[in-house]
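> Residues 9 to 391 (the numbering used here) make up the sequence shown, in order.
Note that CB positions come from ideal geometry on N, CA and C, so glycine has one too.
Quantities reported herein were computed from a predicted structural model and do not represent experimental measurements.
Pasting in a structure now, in structure tokens, and then I'll have a few things to ask.
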Amino acid sequence: MSVYLDYNASAPIDQRVLDEMIIAYQNKAGNADSRTHSFGEEARSVVENARKQVASLLGISSSEVFFTSGATESNNIALQGLKEYAEKTGKKHIITTSIEHKTILETAKHMAIDGYEVDFVNPNESGQVSVESVLEKLREDTLLVSVMHVNNETGAIQPVLELGDELQKRGVLFHIDATQSCGKLVEEIRSLKYDMLSFSAHKLMGPQGVGALILKRKAYKRPPVKGIMYGGQQEQGIRPGTIPVALVVGCGKACEIAEQEYKENESHSRQIKLAILSTLEESGLKYQINGNQDICISSTLNIAIDGVSSEALMISSKQYCGISNGSACTSSNYSPSYVLVAMGLDVSRIESSLRLSWGPNSELNEVIDNFRKLLDVAKLIAN
Ligand code: PMP
């Protein structure tokens, strides 16, 4: 059977999360915003419990957690929700990086059509943007800096800790897309300084279709972000629409489990990475690693096998491994990974690049047995 190695696209739901969600679907019939009956109150109570679970994982107050449909929506609100403030203050300059997820890149590009100026900072060859290259773009009219915590294709950790310190000193709004780090780099996230932070539950073994936008308070004040949809006042208008109670319960439970288990998950993931790397080394194939491993998360590896097209390899080895060569959001039409292009890698290396990502319930032996078979296929098609 094929082993799943595409956790960065979506991680399988944890059985304990699913169990809690089923209970919620079966027993919490109410709308969490209904105030006239106990069904509504009960739904509200489990939603607030989930909010506390998210807050506890992130080391923040539960009043700073706003449930959304996931990181796509959170990222859109974080950027587009500042438009009213931008108009009022005349601040219309945004700084982000060229390796952000499309949810940031496309939103920023769309805002550029509306008269915003956007600077996209490039990473170096190791996959990281430097603090200086971001800071040197700052202007009087900078509205926002948005930088991801961990890149979804390479696993490279970005210097959001230093950036947060510097931007707070300068009073510039800072948004972090923590979709690939939430529940993994737990202590790091707790120590970050930011105004807004996004994540999706399904990347940490929660359900798809739910996530949160964190709006940190400074001197009791929220960042000047507004909801981008009209409707009800759910989530204080930041995200109108009936709260999906069972999804939110699942999001909270996934955060609770991650908080309890992140240390053992991290060492399990590291063990798998080391085993993959030594299997690769023993195979005799020539390969390159994309992203400096000293700065990459333990559950992601991006490799280029010399002379082996990743498209050909993925298709001819899919009975062994479910992998990808980039973000699922861009995979319907093949074009070379913009992340690897921005890192300055050459075209043939990019065309040979594969992303492997795994998680807490990946079985070491199953991963290695199947990866070995994938490498045997690579040997057959290598030119
Ligand atoms: N940001 C990053 C870094 C991601 O990896 C993803 C998912 N690939 C998203 C945002 C969007 O998440 P979702 O599709 O769950 O909204």
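#1: Under the assumption that Lys-211 contacts Thr-187 (Cβ atoms under 8 angstroms), give the Cβ distance between them as a whole number of angstroms.
#2: What's the call for Asn-35, buried or exposed, on a 16-neighbour Cβ count within 10 Å?
#3: With a CB to CB cut of under 6 angstroms and the five nearest residues on each side skipped, what residues in its chain are close to Lys-381?
#4: Please determine if the segment 130–138 and the segment 343–363 are in contact, where contact requires at least 3 C-beta pairs separated by less than 8 angstroms.
#5: Can you find a heavy atom of the ligand PMP that lies under 6 angstroms from the Cβ of His-109?
#6: Would you mind working out which of Ser-317, Lys-234, Glu-114 and Ile-68 sits nearest Lys-387, comparing C-alpha positions?
#7: Who are the Cβ neighbours of Asp-41 in its own chain at under 6 angstroms, not counting the five residues just before and after it?
#8: Cα-Cα, which of Val-257, Leu-321, Gln-279 and Gly-334 is closest to Leu-383?
#9: Do Asn-333 and Ser-361 have their C-beta atoms within less than 7 angstroms of each other?
#10: With Gly-98 as the anchor, note down where its alpha helix (DSSP H) starts and where it stops.
#11: Can you tell me which of the three DSSP states Leu-132 falls into?
#12: Quick one: does the C-beta of Ala-120 sit closer than 6 angstroms to a heavy atom of the ligand PMP?
#13: State whether the segment 173–185 contacts the segment 202–221, with contact taken as three or more CB pairs (one from each stretch) at a distance under 8 angstroms.
#14: Run through DSSP, which three-state label would Glu-148 get?
#15: Thinking C-alpha only, which one of Asn-39, Ala-19 and Leu-13 is nearest Ile-251?
Well, looking at it:
#1: Yes, they are in contact, since the Cβ atoms of Lys-211 and Thr-187 sit about 6 angstroms apart, within 8 angstroms.
#2: It counts as exposed.
#3: The residues are Tyr-328.
#4: The segment 130–138 is in contact with the segment 343–363.
#5: Indeed, a heavy atom of the ligand PMP lies less than 6 angstroms from the Cβ.
#6: With distances taken between Cα atoms, Lys-387 lies closest to Ser-317.
#7: Closer than 6 angstroms at the Cβ level, and outside the excluded window around Asp-41, lie Gln-242.
#8: Distances from the CA of Leu-383 to each of Val-257, Leu-321, Gln-279 and Gly-334 were compared; the closest alpha carbon is that of Leu-321.
#9: Going by C-beta atoms, Asn-333 is nearer than 7 angstroms to Ser-361.
#10: No alpha helix (DSSP H) contains Gly-98, which DSSP labels as neither H nor E.
#11: In the sequence as displayed, the identity of residue 132 is Asn instead of Leu. Looking at Asn-132 - three-state DSSP - the assignment turns out to be coil, as it is neither helix nor strand.
#12: Not so, every heavy atom of the ligand PMP lies at least 6 angstroms from the Cβ.
#13: Touching, yes, given that three or more Cβ pairs across the two stretches are closer than 8 angstroms.
#14: Here Glu-148 sits in coil by DSSP.
#15: Among Asn-39, Ala-19 and Leu-13, the Cα nearest to that of Ile-251 is on Asn-39.
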